[in-house]
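K.L.:
Each residue of the sequence shown is one higher than the one before, starting from 142 at the first, in this note's numbering. The beta-carbon is built from N, C-alpha and C at its ideal position, and this holds for glycine as well. Pasting in a structure now, in structure tokens, and then I'll have a few things to ask.
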Amino acid sequence: MSDKATLQYKDKTIELDAIIGSEGEIGLDITSLRAKTGMITLDPGYGNTGSCTSEISFINGEKGILRHRGYAIEELAAKSSFMETAFLVLYGHLPSEKELSEFIAEINSESTLHYGMKSHFEGFPDNAPPMAVLSSMLNILTCYNTDLLTTATEGPAFTAPTAKIISKVRAIAAWAYRTSIGKPFMPPRPDLSYTGNFLHMMFSETFNLYEPLPEVERALDLFFILHADHEQNCSTSTVRMVGSSHASLFSAVSAGVGALWGPLHGGANCEVIKMLTRIHDEGISPRDFVEKAKDKNSPEKLMGFGHRVYKSFDPRAKILKGQVDVVLKALKIEDPLLDIAYELEEMARSEDYFIERNLYPNVDFYSGILLRAIGIPVDMFTVLFAIGRMPGWISNWREMHVQSLRISRPRQIYTGETLRDYVEMANR
Ligand code: SDX
């Protein structure tokens, strides 16, 4: 559906189409603005700018709603699996039993890595940041799949790179972790579930296979579901930006990993645990920390709080908060960081500073406590976020090519020096 808007500036007046989305969102289409007026819009951080129309996910930040292809995240969390949700995010419908088993079979068939990649892993120092390893190795997959560097959106030319990336990202992540602790790669077990196979590759030993508690495997699978997609966030927009030049899907998701790594984005799940650990180990009172987080002169932020879109509870945070309890009880663990997290949340939600700015816990606030309970090292947290987000990145890359969008090339307003003559060194 569309409507019309009128824009007037001095003696110029133009009509703009108002695109109305299926949930009633309104976007003013300015694709012809510069051609008709010579003017552009300016929106650093893109808080008011839509880069595309999309059918994949919908967020209503005011109401704390997240849906994938129309299905509420709460329903998918309660009833779906990561593989089923990945299929839904990629192809737009819940799979039939046959579709799902074929999807899983293709992913299982890609569980291992080309032997040649071993030498690349051995080149990393032991303390190499896993996100740097992940981003590099995803791009190195390009070298072993030169026949798949297309912008195909259908058939094996799309399903093959998709299966390779969704499957091999686990092996790369597990190998990065095991290399960092001086252990050899653990070959995958395709007989296990997607998530079970990942935990096996992470924690099994040759004569002592890791058998996760059902609650642990379910919790991690749920973690992946909750991270599967999230509209045009920083890393997804990066994947679209890189893909818009017709770079390969491998390169696009490799760039997405780089964007996700930042502490303001996916890296926040590590920062939350570091923050809670510091509060615990240094005996900082949660009250004092909240005061620092409010203080503009303090570098402290309440990590895991706030969101560009959610101006009420991030529904994923609510679900993860509940899941943490389940896993800690199943593992018979008491984590003092959880009590601190509860206290911080309770305080923040009664503080005017946080209420006025609509700062609520986001997906990263409780996810770290869950991963820590499972035994995932902190520097691997964002890697697991990337594993979960792969279907969303790939689906956005695909949607962009299905829509045949132009290369992304934003404009700017120049505010630098106007024309001036070169000055010889002797006269400077
Ligand atoms: C993810 O976009 C997505 O969908 C991302 C994600 C996904 O699934 O892909 O949901 C995943 O990235 C979640 C966000 C994880 N990041 C963090 O938890 C880091 C801490 N949060 C902030 O850095 C911040 O809230 C952002 C980055 C999440 C949002 O930044 P915005 O939208 O640019 O908001 P802002 O920084 O302009 O903040 C508005 C106000 C400011 O105060 P004033 O200048 O108005 O006085 O709120 C304050 C900020 O100082 N503020 C915080 C705060 N977050 C915002 N103050 C203290 N602690 C915080 N965490």
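Is it true that the segment 509-527 meets the segment 448-468, where meeting means three or more beta-carbon pairs spaced less than 8 Å apart?
P.N.:
The segment 509-527, when compared against the segment 448-468, does touch it at the 8 Å Cβ threshold.
K.L.:
Figure out for me which residue from 265, 166, 163 has the closest Cα to the Cα of residue 322.
P.N.:
Ranking the options by Cα distance to residue 322, first place goes to 265.
K.L.:
For the 8 Å Cβ check, are there 3 or more pairs between the segment 363-371 and the segment 514-529?
P.N.:
Yes: at least three Cβ pairs fall under 8 Å.
K.L.:
Closest to residue 299 by CA distance: which of 347, 275, 248, 150 is it?
P.N.:
Looking at the Cα atoms, 248 is the closest of the given residues.
K.L.:
When the Cβ atoms of the segment 280-292 are set against those of the segment 252-261, are three or more pairs found closer than 8 Å?
P.N.:
Cβ pair count under 8 Å is three or more, so yes.
K.L.:
Please look up how many angstroms separate the CB atoms of residue 485 and residue 546, rounded, as I've assumed it's under 8 Å.
P.N.:
With a Cβ gap of about 41 Å, residue 485 and residue 546 do not count as contacting.
K.L.:
Can you check whether the CB of residue 330 is closer than 7 Å to the CB of residue 541?
P.N.:
No, these two residues do not count as a Cβ contact at 7 Å.
K.L.:
Residue 201 lies in the alpha helix (DSSP H); which residues open and close that run?
P.N.:
No alpha helix (DSSP H) holds residue 201; the beta strand (DSSP E) holding it covers 198-201.
K.L.:
Following the continuous alpha helix (DSSP H) through residue 341, name the residue where it begins and the one where it ends.
P.N.:
Residue 341 -> alpha helix (DSSP H) spans 335-344.
K.L.:
Residue 204 by DSSP, collapsed to three states: which one?
P.N.:
Coil, per DSSP.
K.L.:
Check whether the segment 304-320 and the segment 234-249 touch, using three or more Cβ-Cβ pairs below 8 Å as the test.
P.N.:
A contact exists between the segment 304-320 and the segment 234-249.
K.L.:
So the candidates are 477, 254, 209; which of them puts its Cα closest to the Cα of residue 285?
P.N.:
Per the Cα distances, 254.
K.L.:
Below 8 Å CB to CB, which residues in the same chain sit around residue 473 once its five sequence neighbours on both sides are set aside?
P.N.:
Cβ within range, chain order: n/a, list empty.
K.L.:
Among 233, 420, 397, 514, which one has its Cα closest to the Cα of residue 529?
P.N.:
Measuring from the Cα of residue 529, the nearest candidate turns out to be 397.
K.L.:
Give the DSSP-derived three-state secondary structure of residue 355 in the structure shown.
P.N.:
Residue 355: helix per DSSP, three-state reduction.
K.L.:
For residue 497, count the other beta carbons within 10 Å of its own beta carbon; 16 or more makes it buried, fewer makes it exposed. Which is it?
P.N.:
Result: exposed.
K.L.:
Do the CB positions of residue 334 and residue 251 come within less than 7 Å of each other?
P.N.:
Contact flag unset, no.
K.L.:
For the beta strand (DSSP E) containing residue 523, list its first residue and its last residue.
P.N.:
It is not in any beta strand (DSSP E) - residue 523 instead sits in the alpha helix (DSSP H) that spans 522-543.
K.L.:
Taking all protein chains shown into account, do 16 or more other C-beta atoms lie within 10 angstroms of the C-beta of residue 336, making it buried, or fewer, making it exposed?
P.N.:
Buried is the call here.
K.L.:
If I follow the unbroken beta strand (DSSP E) through residue 168, where does it start and stop?
P.N.:
It spans 167-170 - the beta strand (DSSP E) in which residue 168 sits, taken as one unbroken run.
K.L.:
Express the C-alpha separation of residue 401 and residue 477 in angstroms, rounding to a whole number.
P.N.:
Between residue 477 and residue 401, the C-alpha separation is close to 28 Å.
K.L.:
Within 10 Å of its beta-carbon, does residue 543 have 16 or more other beta-carbons around it, so buried, or fewer, so exposed?
P.N.:
Classification of residue 543: exposed, given that the 10 Å Cβ count is below 16.
K.L.:
For residue 483, which three-state DSSP category applies?
P.N.:
Three-state result, residue 483: helix.
K.L.:
Output the boundary residues of the alpha helix (DSSP H) element that contains residue 466.
P.N.:
Unbroken alpha helix (DSSP H) run through residue 466: 456-472.
K.L.:
Just checking residue 447 against the ligand SDX - is the residue's beta carbon closer than 6 Å to any of the ligand's heavy atoms?
P.N.:
Residue 447 Cβ: within cutoff of the ligand SDX.
K.L.:
Residues in the same chain with beta-carbon distance under 6 Å from residue 236, minus the five sequence neighbours each way, listed in chain order, please.
P.N.:
Cβ neighbours of residue 236 beyond the five flanking positions: 228.
K.L.:
Return helix, strand or coil for residue 177, following the three-state DSSP convention.
P.N.:
Three-state result, residue 177: helix.
K.L.:
For residue 446, list the residues DSSP reports as bridge partners.
P.N.:
In the DSSP output, where bridge partners are listed per residue, residue 446 has 502.
K.L.:
Suppose you measure from the CA of residue 475 to the CA of residue 464; what does that come to, to the nearest Å?
P.N.:
Cα to Cα, residue 475 sits roughly 14 Å from residue 464.
K.L.:
Are the beta-carbon atoms of residue 604 and residue 230 separated by less than 7 Å?
P.N.:
Beyond the ends of the chain as shown, which are 142 and 569, falls residue 604; an answer cannot be given.
K.L.:
If you follow the alpha helix (DSSP H) that residue 157 is part of, which residue opens it and which one closes it?
P.N.:
No alpha helix (DSSP H) contains residue 157, which is instead part of the beta strand (DSSP E) from 153-161.
K.L.:
I think residue 504 touches residue 458, with their Cβ atoms under 8 Å apart; what is that distance to the nearest whole Å?
P.N.:
Contact holds; Cβ gap of about 6 Å.
K.L.:
Would you give the residue range spanned by the alpha helix (DSSP H) that residue 493 belongs to?
P.N.:
493-497 is the extent of the alpha helix (DSSP H) around residue 493.
K.L.:
How would you call residue 566, buried or exposed, if buried means at least 16 neighbouring beta carbons within 10 angstroms?
P.N.:
Exposed: under 16 other Cβ atoms inside 10 Å.
K.L.:
Nearest to residue 223 by CA position, among 210, 556, 532, is which residue?
P.N.:
Ranking the options by Cα distance to residue 223, first place goes to 532.
K.L.:
Are the beta-carbon atoms of residue 395 and residue 549 separated by less than 7 Å?
P.N.:
For residue 395 and residue 549, no; Cβs fall outside 7 Å.
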